[in-house]
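Student: The opening residue of the sequence shown carries number 6 in the working numbering; numbering runs sequentially from there. Heads up, the beta-carbon is just placed ideally off N, CA and C, and yes, glycines get one too. Note that the structure is a prediction, hence the values are computed from the model and not measured. What follows is a structure written as structure tokens; I'll ask about it next.
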Amino acid sequence: MFRREFVYGAALAGLGAGLPARSAQQKIVLPPIVYDVRAFGAVGDGARLDTAAIQGAVDACARAGGGIIFFSPGTYLSGTIFMRSHVGLHLSAGATLLGSTNLADYHPTTPAFQAYTAPYTDKYLIYGERLENIFIEGHGVLDGQGAAFERKPTGRPYLLRFSECRNVSVRDITLRNSGMWVQHYLACTGVQLQGLQVHSHANANNDGIDIDGCEQVCISDCLIDSGDDALVLKSAGNRVCRDVTITNCVLQSDCNAIKTGTESNGGFADIAISNCVIHNTRLAGLALEVVDGGTLDGVTVSNLTMRGVGAPIFIRLGNRARPISPGKANPGMGSLRNVSIRDVQCTGADRIGCAIAGLPGYPIHDLTLSNIHLAFAGGGRRADADRTVLENPEAYPEFNMFGALPAYALYCRHIAGLRLHNVQTSFQQIDERPGVICEDVNNLDVFDADLAQVSGGGPAIILRNVRQAMIHGCHLAASLEAYLRVTGQGSEGINLVANDLRRAKKPADLAADVPHDAVTVS
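Here it is in structure tokens:
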């Protein structure tokens with residue numbers, strides 16, 4: 006044990022100053038005492054188990070009022086380490102905290118906070134519950150050796166789990182090879198994750214970051230390459246996941262890159278996502294999902310660049326209705342509203358298209374997509390455009406859950422208040438589907454749409470039972486029979502105003518069941 010000046014939290018200081026006095030996210034200042042784990046018997050050779058020595062340093066530090074646990078260069082093999090309040094871990098460059106491959110070295114602990122995700126596993130490399138003022142930092146490595154564990158549905162160790170903690174910061178370290186989720190923050194207040202490098206394809210369920218029912222969360226400057234969803238917001242208990250910012254991250258995933266859900270019981274509010282690059286992601290670049298009750302309200306997304314994703318955008322209001330815990334009552338139908346997505350560039354998207362789908366009687370409310378440029382693989386056929394898409398209210402939500410969509414770009418249904426502004430689309434292979442289909446949509450506003458020409462002269466846009474629509478400022482790059490096709494006896498109040506449709510033989514084609522006064526062209 007030795008002393009040196011050590012004040013942590015300069016990056017938090019400015020943020021804390023801008024928050025009200027009741028905020029829990031404040032500058033973390035720990036006593037200027039450093040505890041070297043080697044002084045407590047840690048060997049750091051990667052072969053002998055150092056759990057007891059590391060825990061001894063943490064406990065001694067906590068008894069003295071707090072301080073810093075220091076890991077000099079070396080490889081420290083360990084089972085579960087229990088964090089304490091007012092304690093920070095500093096992993097210096099060249100230091101690796103290596104998770105044991107023996108499950109017996111992990112002390113089983115289940116969080117007291119009731120959430121569906123709480124019993125996923127009871128094993129962790131680093132664990133903390135109901136603590137305050139804790140951090141992990143430095144340029145060292147946490148390595149879980151996750152490939153050593155059998156791929157059972159549950160029970161494999163996380164690298165990090167913090168439950169009901171206040172003022173948590175993890176900065177600059179590398180996290181890799183987790184046995185299950187890399188890091189899970191459950192019902193915490195005041196979380197800052199900055200400068201993390203995550204690489205985890207060692208086992209199943211290798212989510213990069215899981216934020217679950219937390220408040221006042223800042224995630225920035227992270228590089229994540231994960232086998233499962235890269236960055237996930239969940240709300241698996243009765244607590245809202247709210248006041249979250251995600252910015253300046255580079256994400257890659259075998260599943261989704263940025264996602265809310267699937268667990269949505271407590272809901273989501275006031276989420277800001279910006280300035281991220283997403284690449285080589287098998288499923289959706291951005292997935293907003295509410296399927297287990299709860300309300301998603303107030304999400305702003307801006308400045309995303311994507312390449313090589315399954316779908317750029319997937320939004321789903323469903324009704325899987327999974328309860329907080331087995332045996333509890335199923336949640337009621339959730340809601341999804343007040344979402345703005347702007348300034349998105351995507352190349353190399355899959356041929357399926359983007360689904361934005363509520364349920365009959367439960368529409369998505371107030372959704373804006375603006376300045377969206379999307380390039381798809383194409384290759385869709387007229388049979389795809391004409392097929393009936395099942396509702397699948399209870400199905401697990403993924404961008405490909407409906408199969409190849411009837412529209413090559415945006416298939417939107419069950420929405421109240423939809424704005425599509427400056428949407429540009431293209432495809433690599435000839436596609437026979439329209440660019441946009443809206444079905445059971447109220448209050449639609451399409452402005453400055455530039456949709457790639459559909460093969461065979463089919464319509465650029467199809468509206469089915471759409472009410473109160475304004476399509477304006479749009480133009481055509483090639484000839485077609487009709488720019489717009491309208492179907493459904495519920496169609497009404499559709500206006501085409503100030504569009505350049507000279508290349509179309511007619512502006513709109515109305516099916517036989519559409520009221521004669523449903524469409525106005527001027």
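Please confirm whether G298 and N343 have their CB atoms less than 9 Å apart.
Tutor: The answer is no: Cβ separation not under 9 Å.
Student: Could you tell me the alpha carbon to alpha carbon distance between D64 and I86, rounded to whole angstroms?
Tutor: If I take the Cα positions, the gap works out to 10 Å.
Student: Between V446, I329, G463 and A400, which has its C-alpha nearest G385's C-alpha?
Tutor: Answer by Cα proximity: G463.
Student: Whose C-alpha, out of G218, Y81 and W186, is nearest the C-alpha of G195?
Tutor: Minimum Cα distance to G195 is reached at G218.
Student: Less than 9 Å separating the beta-carbons of G84 and Y111?
Tutor: Yes; because the gap between Cβ atoms is below 9 Å, this pair is in contact.
Student: With which residues is M311 paired in a DSSP beta bridge?
Tutor: DSSP output for M311 lists I283 and C351 as bridge partner(s).
Student: What residues match up with D127 in a beta bridge as DSSP calls it?
Tutor: DSSP output for D127 lists no bridge partner at all.
Student: Looking only at C-alpha atoms, which of N211, S258 and G493 sits nearest to N182?
Tutor: Nearest C-alpha to N182: N211.
Student: Are D450 and L489 close, meaning C-beta to C-beta below 9 Å?
Tutor: No.
Student: Would you report the Cα separation of R176 and L82, rounded to the nearest angstrom?
Tutor: Spanning the two alpha carbons is a distance of roughly 21 Å.
Student: Anyone know if the C-beta pair for R438 and A390 falls short of 9 Å?
Tutor: A contact, by the Cβ cut-off of 9 Å.
Student: Which partner residues does N273 have in the DSSP bridge list?
Tutor: Contrary to the premise, residue 273 reads as Phe rather than Asn in this sequence. DSSP lists C246 and L301 as partners of F273.
Student: Around the C-beta of N261, are 16 or more other C-beta atoms found within 10 angstroms, so that it is buried, or is it exposed?
Tutor: Flag for N261 reads buried.
Student: Sort out for me which residues DSSP pairs S340 with in a bridge.
Tutor: S340 pairs with T300.
Student: Relative to the alpha-carbon of G213, which residue among S240, A192, V245 and L180 has its alpha-carbon at the smallest distance?
Tutor: Nearest option by C-alpha distance: L180.
Student: Does C66 come out as helix, strand or coil in the three-state DSSP assignment?
Tutor: Helix.
Student: Since D389 is in the alpha helix (DSSP H), which residue starts that stretch and which ends it?
Tutor: It spans R387 to D391 - the alpha helix (DSSP H) in which D389 sits, taken as one unbroken run.
Student: Compute the Euclidean distance between the alpha carbons of H480 and D522, then round it to the nearest angstrom.
Tutor: One C-alpha to the other measures close to 23 Å.
Student: Please classify S375: does DSSP put it in a helix, a strand, or coil?
Tutor: Three-state result, S375: strand.
Student: Measure the C-alpha to C-alpha separation of P116 and K128 and round it to an integer number of angstroms.
Tutor: If I take the Cα positions, the gap works out to 11 Å.
Student: Report yes if the C-beta distance between P520 and D445 is below 9 Å; otherwise report no.
Tutor: Their beta carbons are not under 9 Å apart, which means P520 does not touch D445 by this criterion.
Student: Check this for me: beta carbons of L372 and I420, under 9 Å apart or not?
Tutor: Contact flag set, yes.
Student: Starting from I38, trace the beta strand (DSSP E) both ways and give me its first and last residue.
Tutor: I38 -> beta strand (DSSP E) spans I38 to D41.
Student: Within a Cβ cutoff of 6 Å, which residues of the same chain sit near A474, ignoring the five residues on either side of it in sequence?
Tutor: The residues are L449 and I499.
Student: Hey, out of A516, R508 and L506, whose CA is closest to Q494's CA?
Tutor: Checking every option, the nearest Cα to that of Q494 belongs to A516.
Student: Starting from R438 and walking both ways along the beta strand (DSSP E), at which residues does that stretch end?
Tutor: R438 -> no beta strand (DSSP E), and no H or E assigned at all.
Student: Residues in the same chain with beta-carbon distance under 7 Å from P25, minus the five sequence neighbours each way, listed in chain order, please.
Tutor: Unreliable placement is indicated for P25, whose pLDDT of 33 sits below 50; no coordinate value is reported for it.
Student: By the 10 Å Cβ neighbour count, where 16 or more other Cβ atoms means buried, how is A530 classified, buried or exposed?
Tutor: For the chain, the structure presents residues 6 to 527; residue 530 sits outside this window and is missing.
Student: Inspect the beta-carbon positions of N376 and N427 and report whether they are closer than 9 Å.
Tutor: Contact flag set, yes.
Student: Using a threshold of 9 Å, state whether the C-beta atoms of A62 and V34 are closer than that.
Tutor: Against a cut-off of 9 Å, the Cβ pair of V34 and A62 comes out as no contact.
Student: Rounded to whole angstroms, what's the CA-CA distance from C227 to T159? Just pull it up for me.
Tutor: Roughly 27 Å between the two C-alpha positions.
Student: Expressed to the nearest angstrom, what Euclidean distance is found between the alpha-carbon atoms of A334 and I178?
Tutor: When rounded, the distance between both Cα atoms is 41 Å.
Student: Would you mind sorting R327 into buried or exposed? The rule is 16 or more other CB atoms within 10 Å of its CB.
Tutor: When all chains shown are included, R327 counts as buried.
Student: Just to confirm, are A98 and G145 a CB contact at a threshold of 9 Å?
Tutor: In contact: A98 and G145 (Cβ atoms closer than 9 Å).
Student: So, helix, strand or coil for I178, using DSSP?
Tutor: Reduced to three states, the DSSP call for I178 is coil.
Student: Here's the rule I'm using: 16 or more other beta-carbon atoms within 10 Å means buried, otherwise exposed. How should T126 be labelled?
Tutor: Buried, because 16 or more other Cβ atoms sit within 10 Å of the Cβ of T126.
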